[in-house]
Amino acid sequence: MSTQETTDGAPGAHGVRLVAPGYAELTIRPDDGCRISSLIINDLEVLRQGDRYGSFPMVPWCGRMELGQFRSFVSPHKEGEGSSRTGEVRHQMPVNAPPHAIHGMGRDLAWRTAAVDEQSATFYCDLTDPWPYPGRVTQSFELTDDSLKLTMSVETHGDSFPAQAGWHPWFLRQLGPTGAPVQVAFDPAWQEERGADHLPTGRRIEPRPGPWDDCFGMPDGVDVTLTWPTQLELKVTSGAEWVVVYDEPEEAVCVEPQSGPPNGLNTVPRLVTPINPLEVSTTWSWTRF
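Dropping the structure here:
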């Protein structure tokens with residue numbers, strides 16, 4: 031890979047860099063799934079580095095999808111192979127976390143740049159094969175001295191289809207070589223019981239202590255606080271009602287706001303229609319100690 035440096039607000043070999051003077055720098059890789067490859071606050075990198083890490087969009091589904099399959103419904107005149115008499119069609123996505131499909135396709139696509147300036151940027155990609163419905167995903171980034179707002183929308187170019195959207199950030203457990211481990215605080219209304227197959231069973235249970243690789247319900251909106259003592263407090267908020275918290279890895283903690291639970295295309299499908307696109311946003315706001 032070229033060692034060319036990224037210029038502020040412009041695509042480069044290492045991505046698009048946004049800068050809030052003096053406090054925060056954000057690097058986005060539209061060529062690599064439109065993931066955030068770096069977020070530096072007060073000279074401290076807060077995201078785990080590496081091709082699979084940073085923070086990536088989950089779209090058009092979030093988390094695991096059972097056996098890589100989801101159902102949709104068609105009018106009788108559109109029924110074909112694989113359809114039932116009720117108009118149900120079962121679609122098969124690539125199984126990339128056997129036996130399931132995980133985290134959607136958006137993170138594997140090259141996104142196109144719609145607009146960029148010093149502190150904001152917008153990118154888009156088209157949903158194509160193997161996703162069975164034509165559509166477009168747009169993601170925007172707005173950086174300030176003390177916050178980052180992310181917004182994602184999913185539109186259809188034709189038929190309605192079920193979809194989800196969310197984000198999968200890998201926050202470093204420790205900032206810098208001498209920093210204390212991060213503390214995670216949140217107050218969910220329930221926890222989705224996780225089955226042996228790592229999918230929600232459909233039962234809502236009282237939240238249990240970690241470690242977690244679990245989905246939680248927050249009907250008033252996601253609100254999770256990460257605190258690195260003496261260094262930084264960062265709040266992840268969203269109007270979305272579900273969040274997955276994954277704190278099993280030694281190096282990082284994931285706090286994933288999303289528009290539905292894992293396997294939600296099958297259990298609580300949200301249709302994207304020509305007059306009702308899916309839109310979800312999250313804000314990361316921080317206070318420096």
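Under this note's numbering, the very last position in the sequence shown is 319; numbers go up by exactly one each time. Ideal Cβ positions, reconstructed from N, Cα and C, are used throughout, including at glycine. Just so we're clear, the structure is a prediction, and the values are computed from it rather than from any experiment.
Coarse secondary structure for residue 37, derived from DSSP in three states: Position 7 of the sequence shown, counted from the start, is the residue given in the question as residue 37. Only weak support is given to the placement of residue 37: the predicted model assigns it a pLDDT of 38, under 50, and the value that follows is read from those uncertain coordinates. Coil, per DSSP.
Taking all protein chains shown into account, do 16 or more other C-beta atoms lie within 10 angstroms of the C-beta of residue 57, making it buried, or fewer, making it exposed? Translated into positions along the sequence shown, residue 57 becomes position 27. So residue 57 ends up on the buried side.
Would you call the stretch 182-195 and the stretch 232-242 in contact, with 3 or more CB pairs under 8 Å? no
With 16 as the cutoff for other CB atoms within 10 Å, does residue 201 come out buried or exposed? The residue labelled residue 201 in the question sits at position 171 within the sequence shown. Flag for residue 201 reads buried.
Check the DSSP bridge columns for residue 246 and list the partner residues they point to. The count along the sequence shown starts at 1 and reaches residue 246 at position 216. For residue 246, which the question treats as bridged, DSSP gives the partners 221, 273.
Residue 78 - DSSP class collapsed to helix/strand/coil: Numbered from its first residue, the sequence shown carries residue 78 at position 48. Note: residue 78 maps to coil in three-state DSSP.
When burial is assigned at 16 or more other CB atoms within 10 Å of the CB, is residue 144 buried or exposed? What you label residue 144 is simply residue 114 of the sequence shown in a count that begins at 1. Exposed: under 16 other Cβ atoms inside 10 Å.
Using alpha carbons as the reference points, say which of 251, 264, 170 lies closest to residue 74. To locate residue 74, count along the sequence shown from 1; it is residue 44. If we check each option's Cα against that of residue 74, 264 comes out closest.
Quick check on the burial criterion: 16 or more other C-beta atoms within 10 angstroms. Buried or exposed for residue 304? On the sequence shown, residue 304 is found 274 positions in, with the first residue counted as 1. Classification for residue 304: exposed.
Secondary structure of residue 138, DSSP reduced to three states: Reading the sequence shown from its first residue, position 108 is the one you call residue 138. Correct three-state label for residue 138: helix.
Could you pull out every residue in the same chain whose Cβ sits closer than 8 Å to the Cβ of residue 278, ignoring the five residues on either side in sequence? Walking along the sequence shown from the start, residue 278 turns up at place 248. Here the set comprises 241, 242, 243.
Rounded to whole angstroms, how far is the Cβ of residue 260 from the Cβ of residue 210, which I believe are closer than 8 Å? For the purposes of this step, residue 260 is identified with residue 230 of the sequence shown, where counting begins at 1. For the purposes of this step, residue 210 is identified with residue 180 of the sequence shown, where counting begins at 1. So it is a contact: roughly 7 Å between Cβ atoms.
Grouping DSSP H, G and I as helix and E and B as strand, with all else coil, what is residue 51? Taking the first residue of the sequence shown as position 1, residue 51 is located at position 21. DSSP places residue 51 in coil when its eight states are reduced to three.
DSSP three-state label for residue 97, please. Numbered from 1 along the sequence shown, position 67 holds the residue referred to as residue 97. Three-state result, residue 97: helix.
Looking only at C-alpha atoms, which of 203, 85, 71, 316 sits nearest to residue 138? Counting from 1 along the sequence shown, the entry for residue 138 is found at position 108. Checking every option, the nearest Cα to that of residue 138 belongs to 85.
Would residue 195 pass as a contact of residue 88 if the rule is Cβ separation under 8 Å? To locate residue 195, count along the sequence shown from 1; it is residue 165. To locate residue 88, count along the sequence shown from 1; it is residue 58. Taking 8 Å as the Cβ cut-off, residue 195 and residue 88 qualify as a contacting pair.
List the endpoints of the continuous beta strand (DSSP E) containing residue 232. Counting from 1 along the sequence shown, the entry for residue 232 is found at position 202. Run containing residue 232: 230-235, per the beta strand (DSSP E) assignment.
Tell me the DSSP secondary structure of residue 72 in three-state form. Position 42 of the sequence shown, counted from the first residue, corresponds to residue 72. Coil, per DSSP.
If you check the beta carbons only, do residue 268 and residue 252 fall under 8 Å apart? Sequence index remark: in the sequence shown, residue 268 carries index 238 (1-based). Sequence index remark: in the sequence shown, residue 252 carries index 222 (1-based). In contact: residue 268 and residue 252 (Cβ atoms closer than 8 Å).
Taking the straight line between their C-alpha atoms, what separation do you get for residue 125 and residue 92? Locating residue 125 in the sequence shown gives position 95, where the first residue counts as 1. Locating residue 92 in the sequence shown gives position 62, where the first residue counts as 1. Using only the alpha carbons, I get a separation of about 14 Å.
Would residue 281 be called buried (16 or more neighbouring beta carbons within 10 Å of its own) or exposed? Taking the sequence shown and counting its residues from 1, one reaches residue 281 at position 251. Exposed, by the Cβ-count rule.
Classification of residue 153 by the beta-carbon crowding that lies within 10 angstroms, buried from 16 upward: As a position in the sequence shown, residue 153 is number 123, starting the count at 1. With 16 or more other Cβ atoms within 10 Å, it is buried.
Same chain, Cβ closer than 8 Å to residue 166, neighbours up to 5 away in sequence not counted: Sequence index remark: in the sequence shown, residue 166 carries index 136 (1-based). So the qualifying residues of the chain are 154, 155, 156, 157, 184, 185, 187.
Considering only C-alpha positions, which residue in the set 61, 262, 309 is nearest to residue 54? Start at 1 with the first residue of the sequence shown, and residue 54 comes out as number 24. Nearest of 61, 262, 309 to residue 54, Cα basis: 262.
Which class does residue 297 belong to by DSSP, given the choice of helix, strand or coil? In the sequence shown, the residue the question calls residue 297 occupies position 267. Correct three-state label for residue 297: helix.
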